[in-house]
Every structure is written in C-alpha cells, then in structure tokens.
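K.L.:
First to last, the sequence lines map onto chains A and B.
The first sequence begins at 1 in the working numbering and counts up by one.
The second sequence begins at 75 in the working numbering and counts up by one.
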Amino acid sequence: MQVLVFGSLTDIVAPLPNDIICDNTEQLIGLLEAKYPAIKTTTYFIAVNGKMIRENTPLQPTDTVALMPPFSGG
Amino acid sequence: MLESINERYSRQIILPGFGEAAQQKLRQAKVCIVGMGALGCPALQYLTAAGVGNMGIVDGDVVQLHNLHRQPLFFSNEVGALKVMVAKQKMQQLNPLVNITDYPFHIHPKNALQILSEYDIVIDATDNFPTKYLLNDACAILQKPLVYGAVSQYEGQVSIFNNNLKGGKNIQYRDVFPDPAATANIQSCEQSGVLGVLPGIIGTLQATEVIKFITGMGKLLDGRLLTYRSLETQFYEIELTKNANAVNINVDEFQQTDYQHICNAASTEESLSVDQFKQMLQQQLLFVVDVREMGELPHVNFVDHQIPYSQIIQAENNLHIPVTNKNICIICQQGVRSRNAATIFQSKTLQKIFHLQGGLNAYFNS
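1. Please report the distance separating the alpha-carbon of B:R85 from that of B:D198.
2. Could you tell me the boundaries of the alpha helix (DSSP H) in which B:Q166 lies?
3. Does any C-beta atom of chain A lie closer than 8 Å to the C-beta of B:S341?
4. Classify B:S341 as helix, strand or coil using the three-state DSSP reduction.
5. Taking 8 Å as the CB-CB limit, is A:P58 close to chain B?
6. Kindly list the residues whose CB is nearer than 7 Å to the CB of B:L113, restricted to its own chain and excluding five residues on each side of it in sequence; keep chain order.
7. Could you tell me which of B:L434, B:A155, B:A124 and B:S347 sits nearest to B:E370, measuring between CA atoms?
8. Within 10 Å of its beta-carbon, does B:L168 have 16 or more other beta-carbons around it, so buried, or fewer, so exposed?
9. When you compare only the Cα positions, how much space is there between B:E229 and B:L359?
10. In the DSSP output, which residue or residues are listed as bridge partners for B:G274?
11. Just the chain B side, please: which residues come within less than 9 Å of A:M68 by C-beta, in chain order?
12. Let me see if you follow: with CB-CB separation under 8 Å, is A:M52 close to chain B or not?
13. Applying the 10 Å Cβ sphere with the 16-neighbour rule, what's the burial state of B:S440?
14. Using the Cα positions of B:Y310 and B:I234, report the straight-line distance between them to the nearest angstrom.
15. Residues of chain A with a CB under 9 Å from the CB of B:P273: which are they?
16. Beta-carbon separation of B:I215 and B:F351 under 8 Å?
17. Scan the segment 5-24 of chain A for residues whose Cβ lies nearer than 9 Å to a Cβ of chain B and list them as they occur along the chain.
18. Could you pull the start and end residues of the beta strand (DSSP E) that A:A47 belongs to?
19. Measure the C-alpha to C-alpha separation of B:Q166 and B:D332 and round it to an integer number of angstroms.
20. Measuring straight from C-alpha to C-alpha, what distance separates A:G74 and B:P90?
21. Within its chain, find whatever has a CB closer than 7 Å to the CB of A:I53; leave out the 5 residues flanking it on each side and keep chain order.
22. Go through its chain and collect everything with a Cβ distance to A:L31's Cβ below 7 Å, but skip five positions before and after it.
23. Among the residues of its own chain, which have a CB less than 8 Å from the CB of B:E390, if the five just before and after it don't count?
24. Roughly how many angstroms separate the alpha carbons of B:Q261 and B:V225, rounded to a whole number?
25. Return yes when at least one heavy atom of the ligand MG lies under 7 Å from the C-beta of B:H140, else no.
26. Which same chain residues end up closer than 7 Å to B:K422 when comparing Cβ atoms and leaving out the 5 residues on each side of it in sequence?
27. Considering only the beta carbon of each residue, do A:I39 and A:V13 sit closer than 8 Å?
28. Report the option in B:A256, B:L171, B:F361 and B:Y177 whose CA atom is closest to the CA atom of B:S78.
29. Give me the chain C residues within the contact set of A:A38, using Cβ-Cβ distance strictly less than 9 Å, ordered along the chain.
30. Any idea which residues DSSP pairs A:A66 with across the strands?
31. Tell me the rounded alpha-carbon separation between B:F179 and B:M110.
32. Check each candidate in B:Y247, B:L314, B:E344 and B:V377 and name the one with the smallest Cα separation from B:K426.
33. Please list the partners that A:T43 has in chain B, where partner means a Cβ-to-Cβ separation under 8 Å.
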C-alpha cells in the first residue's frame, strides 16, 4: 500500500516505506513506529483513500494511507 | 480622480455567474484577517483589489528583515514599522473604495469576541497553534466561518471550518486536531523554515474561499482539508469528519483559557523554567546538551555537549546519551527541538532528562 506523510512527518518518515503490507491501520502505525520511533513524539490524523478515519480500519494492498499533522506556520 | 467602479471591477463583473450582483455582495461584506504575515498579506491584497468593502486586520508585530522573503507587501525601508499600519496605507492606495480597520495588537481571549463579532467571516492567517485554537473557539462561539490556512516548509493546508451557514458541514479545527497539547512538538517556520512563495499560494487560496463564501459561487472547501505540496506540485484532499470527543467551550471558559499553556502542556520529560535552569547551572548540577544546528547563534559558554537535532532524528536508534553524574538538560533556541530531543533521550535512559522551557530566547529575555 502507499503511505503518504506530510509536514513535520516528512523529516521523520524518511525514506518513505514502499514495501509495507499489513491488514489494518493499527498494524501499519505499529510498523511505522518501530521503524521511525520519532513518530511517537508528534501528532497527526490518519486518512485512508482520502477520508479521515478515527478507528482501526482494514487495509487493502491498493489503499493509500495519509498521515497528516497540523501545520503551524503562516 | 473620479473613477468608474464598473471599470475597476469590469474584468470580474463580466465573468459568467459573477456580475454586478456578486460585486455588490463583496462591497457589503466584512472580512477579518487575523495575522498580517505571509498568509494575511496576499489574502488582504487580493480581497482589497476585488472590492471587499470592509476589512479588519489584526496583528501587533512589526516588520522584520527575515519576514521580507515571504511577505513582499513590505519593503526593506519599512523594517520596524507596525505591519497593520503599513498594510493599511498601501491598501488604501490600491483601492480607496475599501474601508480597512486596523487592530495593532495581538488577539487574545479578552478582545477576540468583540473584534470578530463585527465581521461576517474570519481568516486564520496566524503562525502559531495557540492562536489557531483561540480563533477556532472564538468563531465557534460567535458562529462565524473560519478560513484556515497554515504552512510547513514546502507544504500548506487550507480549509473552511465552522461553516454552519448555508447548509455547511460545521467541521471545527478541534474536530481535526482535538488535542492542543499534542501540538507542542511541531516546529514553526522560525524553527524549520518555509519556502517564501508557498504562503503566498495558501493565502490566495484562502482569499478565493472568502470570495466564494461571500458571493455564494462554487463549492467551498467545507469539510475538506486541502494540502498543497509545492515540491511535487500536487494538491491532496482529505474529507474530514466530526469528532464526537472534540471539546466545545463556552464564553466563560474561553475568556479564562490560557491558550499558550494548553498548547505546551504535554510532556513526559521534565521542563526547567529559566529561573530553575539558572539556579541549577550555578550549583553545577547540569550537564547542558545543545541540540541547535552547528553555527546557530548565539554562542553560549555553558554548553557541555552539542548534538544537532537533525542528527538525533536521523540516528535515533544509535543515539549516544552522554555519560555524566550531573542532570542532563537539553537546550535549543525556542524550546521545541529541546523538548522533542528530551522525549527521545528519555525513551533511552532511566536517568531523568530535563529541557529548558522556552529555550535560549527565554533565557536571554528573562
């Protein structure tokens, strides 16, 4: 599946993973936290295929998951 | 010089679906822009040019040299002048038909409701989380739509929150980012940089949403968060949903909220105030770790060890915690990188890790 990260996460989740396979968003976040521990120091919401989610969501290999932190600059 | 109003606005009045009716709506509209920086300036310029009849601009800052790369409304010889005064003067020259009210101070819970209640719609052109939460709460109380904009390095976000007029989705900033304390570790432009042209694009997108809202044209960014990625030249859109657990605050709570505090509340590591820091330093209890990048100024003579924050992030799994029998205290310029670094250090040691709250800025301003 494709993982997209934005804002402050672009420095943390680098290089972007391209070979992640998992069943749901909780598993995905677990894998990402193991690989990029600094993720745990920041905040973000998750969107699957362009829709914001709040609960663990099943994932298909063709899905796109976005991790979106707030931006503060102006 | 007498001018024909129709001539000034002729190129938008002839637009299909616009016409004199839309121009009249713009003329009667009241828009408040909070923040006269890199988002607020372009929004103000285009809304003034388009003929929005009444605008309020709120900002207590003066023009600084490091603003100019992304705020080209201001000129080099205006460094030190109040932003709202310079902006107002130039906008009166651009379009004398527009009435601009300046508020040369920062918005806070004691003045926000009074100022914003005068306007139909509010633009969040601020550069910090405390004011973003403040504006969200104020607009929720007043039931005013809020056109949100924010930037981070090469990317920017836009949405319209709290739009419960005209069948809006009424999503709030707090639905999307419910926890102000969790924003404490996100860096500002001052710390992480921003491409100058980027907020120009985001600010003009905000102005576009305002024009659509006033005239009723098109489909608003209501319930949708748009993220522009300048390096990829891509727009990414996310459909937002209401959050049942998001906080709604009333007028009394609003006026008593310390927004600075609620955005800095979360931490597992220990913060030292400047006074505590100075005292422990004097008692030789601290081993000071500077996480600013090499070459960042000012130099300070009390640093025991330097490891740039960029290296900490990159080499987190091989991070070497200095061995010392003193208390490790991490410092940086503003207290954000040091807080993040302290969280990372703390996850790797049983020793208590401290950081200097407010960073060297607070140290030298105390």
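Idealized CB from N, CA, C, for every residue including glycine.
On a predicted model such as this, the values are computed, not experimentally measured, just so you know.
P.N.:
From the atom records:
1. 28 Å
2. K157 to L168
3. The pLDDT assigned to B:S341 is 45, lower than 50, so where the model puts this residue is not dependable, and the model offers no usable value.
4. With a pLDDT of 45 at B:S341, under the threshold of 50, the modelled position of this residue cannot be trusted; read the value that follows with caution. Note: B:S341 maps to coil in three-state DSSP.
5. no
6. A199, G223, P273, I276, G277 and Q280
7. B:L434
8. So B:L168 ends up on the exposed side.
9. 42 Å
10. According to DSSP, B:G274 bridges with nothing at all.
11. Q231, V250, L299, T301, Y310 and I312
12. yes
13. Label assigned to B:S440: exposed.
14. If you take the alpha carbons of B:Y310 and B:I234, they lie about 15 Å apart.
15. G73 and G74
16. Going by C-beta atoms, B:I215 is not nearer than 8 Å to B:F351.
17. F6, G7, S8, T10, D11, I12 and A14
18. First-last of the beta strand (DSSP E) with A:A47: F45 to V48.
19. Taking the straight line from one Cα to the other gives about 36 Å.
20. Whole-angstrom Cα-Cα distance: 33 Å.
21. T25, I46 and A47
22. I20 and C22
23. I418
24. 11 Å
25. Summarising the ligand content, the structure contains no ligands, and the ligand MG is consequently not present.
26. L393 and I395
27. yes
28. Closest by C-alpha distance to B:S78, out of B:A256, B:L171, B:F361 and B:Y177, is B:L171.
29. No chain C appears in this structure, whose protein chains are A and B.
30. A:L4 and A:A47
31. 11 Å
32. B:E344
33. F251, D253, A256, T257, N259 and I260
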